[in-house]
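Participant: Numbering (the numbering used here), first residue to last: 498 to 882.
I have a structure here, written as structure tokens, and I will follow up with some questions on it.
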């Protein structure tokens, strides 16, 4: 594979992998559960049993594999790895280059509904002049950007690789970027480190440094955020500590057990989305299972933990005292895991030009509210064309 020439790529999971999965699902050893706990202590046992039975008897991987393969996918040798990415050119005369970055426990599958809304807005009731040529890479170490033994990447190195992909490999001297979760960190780093190339950034999560969250005399709005942050740190960061300190230990169970993997990821879909207790009705089982499958068939779950370790044992992607100065937009969904007030965000993002608040949605914005997200992305970048 050439270092500069992307090679077309299609998913084609070996049937033996799917047969092995069936065998593992059929021979699951289930744990005990504290009676009537629901989701209080983690993934609900009754729900998971029902989901696994559906996975074993009704879920059709080949159908969703075909959905992913409907997008133009490539691999390119970059920064020492085979980087997987989707590249869909926009309709119309002058589509704007847009880099989409996913997070954990996500994948490029998050964008399967969002992508057509951005590349062909006219077919989705929007202005054809707002089209984008979309590049959506799998983060290094994630799904099809992973192979055993490859080097692990920090968020800074991921941003460097994505900048090289956009400029040197694909020839986009300037582009815009969007991201959530780790994708928000990568997008913010791109805006900080490559302002000559990045015209603007759009975020659905804010990668605010800890020092920007310190207050001497907090206002009521700031105090509310402090309380939200403290509750999150106390109740919802167990996954961060194990993934950020002993990722190898966790990887054994989740690489070997599909049910263990599903339990670890489904709990995040339940907790971080605006499902209001009805995960199946909100998402649909196939959506969650396809995301889980991408980690299962690639064996990449352990590698996907690395950004947590790198972040916990290294500097913030935006160095202390530094700011992101490119034009910035933020869309806030009510079930995002942390929602800093604007006064806090502006300590690190100095050029916030658009701040939108929505009434429904959560951490997985591209999956939960693709049309809303697409509309906001189009509206912000319109002025930067």
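Even for Gly, the Cβ is constructed at its ideal location relative to N, Cα and C.
If you're wondering where the values come from, they're calculated on a predicted model, not measured in any experiment.
Taking the alpha carbon of residue 717 as the point to measure from, which residue in 738, 870, 841 has its own alpha carbon closest?
Facilitator: The shortest C-alpha separation from residue 717 is found at 841.
Participant: Just reading off the alpha helix (DSSP H) that residue 724 is part of, what are its end residues?
Facilitator: Start and end: 717-732.
Participant: Quick one: is residue 724 buried, meaning 16 or more other Cβ sit within 10 Å of its Cβ, or exposed?
Facilitator: So residue 724 ends up on the exposed side.
Participant: Which partner residues of residue 634 appear in the DSSP bridge assignment?
Facilitator: DSSP lists 582 as partners of residue 634.
Participant: To the nearest angstrom, how far is it from the Cα of residue 698 to the Cα of residue 519?
Facilitator: If you take the alpha carbons of residue 698 and residue 519, they lie about 42 Å apart.
Participant: Going along the chain, which residues of its own chain have a beta-carbon closer than 7 Å to the beta-carbon of residue 760, five neighbours each way excluded?
Facilitator: The answer, listed in chain order, is 540, 545.
Participant: Please look up how many angstroms separate the CB atoms of residue 635 and residue 582, rounded, as I've assumed it's under 8 Å.
Facilitator: At roughly 7 Å, the Cβ-Cβ gap stays under 8 Å, so residue 635 and residue 582 are in contact.
Participant: Give the C-beta separation of residue 771 and residue 828 to the nearest angstrom, bearing in mind that I take them to be a contact with Cβ-Cβ under 8 Å.
Facilitator: In fact, because the Cβ distance is near 14 Å, the residues do not count as touching under 8 Å.
Participant: Hey, out of 572, 663, 792, whose CA is closest to residue 756's CA?
Facilitator: Of the candidates 572, 663, 792, the one whose C-alpha sits nearest the C-alpha of residue 756 is 792.
Participant: Using a 10 Å radius around the Cβ and a threshold of 16 neighbouring Cβ atoms, would you call residue 509 buried or exposed?
Facilitator: When all chains shown are included, residue 509 counts as exposed.
Participant: What residue does the alpha helix (DSSP H) around residue 745 start on, and which one ends it?
Facilitator: First-last of the alpha helix (DSSP H) with residue 745: 744-753.
Participant: Out of 816, 863, 862, which has the shortest C-alpha to C-alpha gap to residue 685?
Facilitator: Of the listed residues, the one whose Cα sits closest to residue 685 is 816.
Participant: For a cutoff of 9 Å on Cβ pairs, would you count residue 813 as touching chain D?
Facilitator: Looking for chain D here will not work: only one protein chain is present.
Participant: Give me, in chain order, the residues of the same chain whose beta-carbon lies closer than 7 Å to that of residue 713; leave out the 5 immediate sequence neighbours on both sides.
Facilitator: For residue 713, where only same-chain residues beyond five positions count, there are no Cβ hits under 7 Å.
Participant: Between 543, 836, 661, 628, which has its C-alpha nearest residue 677's C-alpha?
Facilitator: Nearest of 543, 836, 661, 628 to residue 677, Cα basis: 836.
Participant: Are the beta-carbon atoms of residue 621 and residue 680 separated by less than 9 Å?
Facilitator: In this structure, residue 680 does not lie closer than 9 Å to residue 621 by Cβ.
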